[in-house]
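J.: Mind looking over this structure? Questions follow.
There are 4 protein chains.
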Amino acid sequence: MLTSTHKTRIEWGDCDPAGIIFYPRYFDIFDVSTTVLLERALGMKKIAYLKAYAFAGHPLVETRARFRLPTRYGDEVSIESAVVACGRASFTIGHRLSHDGTLAVEGSETRVWVVAHPDDPKRMVSQAIPPEVVARLTHGS
Amino acid sequence: MLTSTHKTRIEWGDCDPAGIIFYPRYFDIFDVSTTVLLERALGMKKIAYLKAYAFAGHPLVETRARFRLPTRYGDEVSIESAVVACGRASFTIGHRLSHDGTLAVEGSETRVWVVAHPDDPKRMVSQAIPPEVVARLTHGS
Amino acid sequence: MLTSTHKTRIEWGDCDPAGIIFYPRYFDIFDVSTTVLLERALGMKKIAYLKAYAFAGHPLVETRARFRLPTRYGDEVSIESAVVACGRASFTIGHRLSHDGTLAVEGSETRVWVVAHPDDPKRMVSQAIPPEVVARLTHGS
Amino acid sequence: MLTSTHKTRIEWGDCDPAGIIFYPRYFDIFDVSTTVLLERALGMKKIAYLKAYAFAGHPLVETRARFRLPTRYGDEVSIESAVVACGRASFTIGHRLSHDGTLAVEGSETRVWVVAHPDDPKRMVSQAIPPEVVARLTHGS
Chain A
0 MLTSTHKTRI
10 EWGDCDPAGI
20 IFYPRYFDIF
30 DVSTTVLLER
40 ALGMKKIAYL
50 KAYAFAGHPL
60 VETRARFRLP
70 TRYGDEVSIE
80 SAVVACGRAS
90 FTIGHRLSHD
100 GTLAVEGSET
110 RVWVVAHPDD
120 PKRMVSQAIP
130 PEVVARLTHG
140 S
Chain B
0 MLTSTHKTRI
10 EWGDCDPAGI
20 IFYPRYFDIF
30 DVSTTVLLER
40 ALGMKKIAYL
50 KAYAFAGHPL
60 VETRARFRLP
70 TRYGDEVSIE
80 SAVVACGRAS
90 FTIGHRLSHD
100 GTLAVEGSET
110 RVWVVAHPDD
120 PKRMVSQAIP
130 PEVVARLTHG
140 S
Chain C
0 MLTSTHKTRI
10 EWGDCDPAGI
20 IFYPRYFDIF
30 DVSTTVLLER
40 ALGMKKIAYL
50 KAYAFAGHPL
60 VETRARFRLP
70 TRYGDEVSIE
80 SAVVACGRAS
90 FTIGHRLSHD
100 GTLAVEGSET
110 RVWVVAHPDD
120 PKRMVSQAIP
130 PEVVARLTHG
140 S
Chain D
0 MLTSTHKTRI
10 EWGDCDPAGI
20 IFYPRYFDIF
30 DVSTTVLLER
40 ALGMKKIAYL
50 KAYAFAGHPL
60 VETRARFRLP
70 TRYGDEVSIE
80 SAVVACGRAS
90 FTIGHRLSHD
100 GTLAVEGSET
110 RVWVVAHPDD
120 PKRMVSQAIP
130 PEVVARLTHG
140 S
């Protein structure tokens with residue numbers, strides 16, 4: 000399955016009065032990680048792949064995370080993301096965020112491929128992931 | 000077990016280019032919901048209860064969420080939070096976020112009661128939740 | 000000129016390791032304050048008024064703020080917003096955020112009324128604010 | 000005077016339903032830019048320099064920004080930051096954020112050097128910036 004790694008830095012504004020990262024910021028990071036993985040898989044930026052495959056996005060249906068060690072401002076962290084499942088209209092990505100080589104957070108996101116409803120552009124309906132995308136997500140980089 | 004409900008509004012800045020809430024913002028909401036529940040249980044604001052019980056906070060060890068329906072800017076939502084488990088040094092809170100009476104998101108947070116390590120204020124160590132707090136979390140409002 | 004006041008609470012996740020609000024969060028608050036003022040002026044939610052007046056939004060061209068006193072998590076604050084200027088295609092809103100009756104932050108936002116460019120939906124072009132909107136912004140509530 | 004440049008990327012979660020960056024996110028970026036500049040000037044991370052100079056931080060007293068062109072998710076931007084003034088207890092940093100070589104946003108931040116009040120750790124009082132820091136901020140990199 001496809002994997003991708005990128006680095007980021009925990010910033011002052013990501014941290015709370017306890018001096019550690021405010022945990023919702025990890026999901027901001029995971030959302031970026033999923034974008035990075037898909038951009039690498041599909042060979043184009045998100046703004047382009049939404050258009051190329053004429054879909055409305057890949058919102059979440061489920062997420063979970065385990066927090067093993069806190070991170071702090073100035074920490075350089077590495078996030079390894081991998082496709083762990085790919086179904087007809089949904090896929091699951093696992094994320095492992097490490098600091099100094101030690102696993103700090105494990106998370107997963109299950110997302111669904113959606114298009115706008117033909118009769119109501121504000122409703123979203125799931126749709127089969129294009130075979131080319133499935134191939135790229137499941138055959139690695 | 001203790002329960003608490005509060006209301007908030009999904010704002011323009013919480014939403015993404017798909018026009019729906021950017022999912023990490025739900026965890027911002029859940030963190031507020033937990034604060035609201037604890038403030039009501041303990042009868043004081045967070046800034047006061049951290050001092051009253053001389054602890055460093057209640058960071059997360061695990062979270063999960065299921066997203067059933069998207070919400071959009073301008074949506075008034077209601078979050079019902081309940082203590083679903085309370086152990087020696089950790090507790091779990093379940094959140095149900097509804098819009099127009101329909102469940103949109105279910106989430107849970109498991110948190111640990113921590114103090115600064117006596118030898119290294121930057122390390123945190125778990126500690127037994129004070130009996131008075133356990134009593135208030137488990138005997139309702 | 001139109002004025003509007005609303006209240007909010009500074010939350011734990013809005014604050015940084017110094018224990019005070021992380022200043023960009025004030026602009027999140029001001030953006031909500033402008034939405035509140037316009038929703039009251041126009042008698043409908045933002046999701047409806049964007050459609051009713053067929054425009055793409057009111058992005059900023061300029062902002063400034065002076066920070067007089069810090070605020071902290073748990074602080075209940077009040078924001079008074081007023082239209083201070085209204086031109087052909089732009090308008091300026093002033094915000095005064097107070098805590099316990101004392102002014103903590105003063106800010107202003109100059110925004111422009113935009114529509115998508117007819118030949119390129121990703122470009123935005125300014126357009127005259129509809130006379131009905133000008134009337135409501137300048138004649139108060 | 001000291002200058003520093005760094006790069007970042009505008010992400011999906013930084014953008015709003017209009018598809019452009021939600022403007023408060025620029026101040027998140029500018030706060031990082033100031034940290035980058037100070038870390039380079041002082042040769043250590045923020046977590047270390049707060050301790051080395053025994054101060055509580057450099058909160059803002061004033062900020063302003065002009066938004067010339069919108070940015071969108073996937074845009075790689077460059078931020079050039081420079082010390083534009085340095086007084087006894089405060090300093091001003093100017094930021095120029097560019098995309099594809101074109102200036103998109105200009106901003107400035109005036110910050111004050113503070114310590115906790117000796118009698119009340121929750122109050123902050125301004126204090127003279129250490130001469131060594133003034134020298135590093137005003138004599139460039």
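Residue numbers (numbering that gives the first Met the number 0), protein chains in the order written: chain A, 0 to 140; chain B, 0 to 140; chain C, 0 to 140; chain D, 0 to 140.
Beta carbons are placed, not taken as given, at the ideal position from N, Cα and C, and that holds for glycine.
Remember, predicted model here, so these are calculated numbers, not experimental data.
How long is the line joining the alpha carbons of Val-124(D) and Gly-86(A), rounded to whole angstroms?
T.: 58 Å
J.: Counting pairs of beta carbons, one from the segment 124-138 of chain B and one from the segment 71-86 of chain B, are three or more of them closer than 8 Å?
T.: Remark: three or more beta-carbon pairs, one from each stretch, lie closer than 8 Å, so the segment 124-138 of chain B and the segment 71-86 of chain B are flagged as touching.
J.: Tell me which residues of the segment 19-35 of chain B have at least one Cβ-Cβ distance to chain D shorter than 7 Å, keeping chain order.
T.: Phe-21 and Pro-23
J.: What residues match up with Thr-62(D) in a beta bridge as DSSP calls it?
T.: Ala-64(C) and Glu-108(D)
J.: When DSSP builds the beta bridges, which residues end up paired with Phe-90(C)?
T.: Cys-85(C) and Arg-110(C)
J.: Does the distance from the C-beta atom of Arg-63(B) to that of Arg-24(A) stay below 9 Å?
T.: No, Cβ-Cβ distance for Arg-63(B) and Arg-24(A) is not below 9 Å.
J.: Buried or exposed for Lys-45(B), going by 16 or more other Cβ atoms inside 10 Å?
T.: buried
J.: So, using beta-carbon positions, are Asp-27(A) and Tyr-72(A) closer together than 9 Å?
T.: no
J.: Listing by chain order, which chain C residues have their CB less than 8 Å from the CB of Asp-15(A)?
T.: Trp-11, Gly-12, Cys-14, Asp-15 and Pro-16
J.: Can you tell me whether Gly-12(A) is helix, strand or coil according to DSSP?
T.: helix
J.: Going along chain D, which residues have a C-beta under 8 Å from Glu-131(C)?
T.: The premise fails here: Glu-131(C) is roughly 22 Å from chain D at the closest Cβ pair, so nothing lies under 8 Å.
J.: Do Leu-59(A) and Leu-36(A) have their C-beta atoms within less than 9 Å of each other?
T.: no
J.: Quick check on Tyr-72(A) - is its C-beta less than 9 Å from some C-beta in chain C?
T.: yes
J.: May I ask you to report which of helix, strand or coil DSSP gives Ser-140(D)?
T.: Confidence in Ser-140(D) is poor, its pLDDT being 48 and thus under 50, which makes the residue's placement too unreliable to answer from.
J.: For Gly-56(C) and Asp-119(C), what's the separation of their Cα atoms in angstroms?
T.: 16 Å
J.: Output the boundary residues of the beta strand (DSSP E) element that contains Pro-120(A).
T.: 119-125
J.: If you reduce the DSSP assignment to three classes, tell me which class Ile-78(B) lands in.
T.: strand
J.: Pop quiz: Phe-29(C) and His-94(C) are said to be a contact at Cβ under 8 Å. What is the actual Cβ separation, rounded to whole angstroms?
T.: 5 Å
J.: Cβ of Ile-92(A) less than 9 Å from any chain D Cβ?
T.: no
J.: Quick one: is Gly-106(B) buried, meaning 16 or more other Cβ sit within 10 Å of its Cβ, or exposed?
T.: Note on Gly-106(B): 16 or more other CB atoms within 10 angstroms of its CB, so buried under the neighbour-count rule.
J.: Hey, how far is the Cα of Ala-115(B) from the Cα of Ala-51(D)?
T.: 21 Å
J.: For Thr-33(D) versus Ile-92(D), is the C-beta spacing smaller than 9 Å?
T.: yes
J.: Take the Cβ of Pro-117(A) as the centre, count every other Cβ of all protein chains shown within 10 Å, and call the residue buried at 16 or more, exposed below.
T.: exposed
J.: Measuring only the C-alpha atoms, how far is Glu-75(D) from Pro-16(B)?
T.: 18 Å
J.: Compute the distance between the beta-carbons of Glu-113(C) and Glu-10(B), then report whether it is under 9 Å.
T.: Looking at the sequence provided, one finds Val at residue 113(C) rather than Glu. Not in contact: Val-113(C) and Glu-10(B) (Cβ atoms no closer than 9 Å).
J.: Rounded to the nearest angstrom, what separates Leu-68(D) and Arg-8(D) at their Cα positions?
T.: 15 Å
J.: What residues match up with Ala-17(D) in a beta bridge as DSSP calls it?
T.: DSSP lists no partner for Ala-17(D).
J.: So, helix, strand or coil for Leu-102(D), using DSSP?
T.: strand
J.: To be precise: take each residue of the segment 99-126 of chain A, compare its Cβ to all Cβ atoms of chain B, and keep it if any distance is under 8 Å. Which residues remain?
T.: Lys-121 and Met-123
J.: From the beta carbon of Ser-140(C), is the nearest beta carbon of chain A less than 9 Å away?
T.: The predicted model places Ser-140(C) with a pLDDT of 48, which falls under 50 and marks its position as unreliable; any figure quoted below should be read in that light. Ser-140(C) does not count as touching chain A.
J.: Hey, is Ile-46(C)'s beta-carbon within less than 9 Å of any beta-carbon in chain B?
T.: yes
J.: Between the Cα of Ala-103(A) and the Cα atoms of Ala-40(A), Ile-78(A) and Glu-38(A), which residue gives the shortest distance?
T.: Ile-78(A)
J.: Taking the continuous alpha helix (DSSP H) assigned at Phe-29(B), which residues delimit it?
T.: Phe-29(B) -> alpha helix (DSSP H) spans 23-41.
J.: Do you know offhand how far His-98(D)'s Cα is from Ile-19(D)'s?
T.: It is roughly 13 Å from the alpha-carbon of His-98(D) to the alpha-carbon of Ile-19(D).
J.: Does DSSP put Leu-49(A) in a helix, a strand or coil?
T.: Assignment of Leu-49(A) by DSSP, reduced to helix, strand and coil, places it in the helix class.
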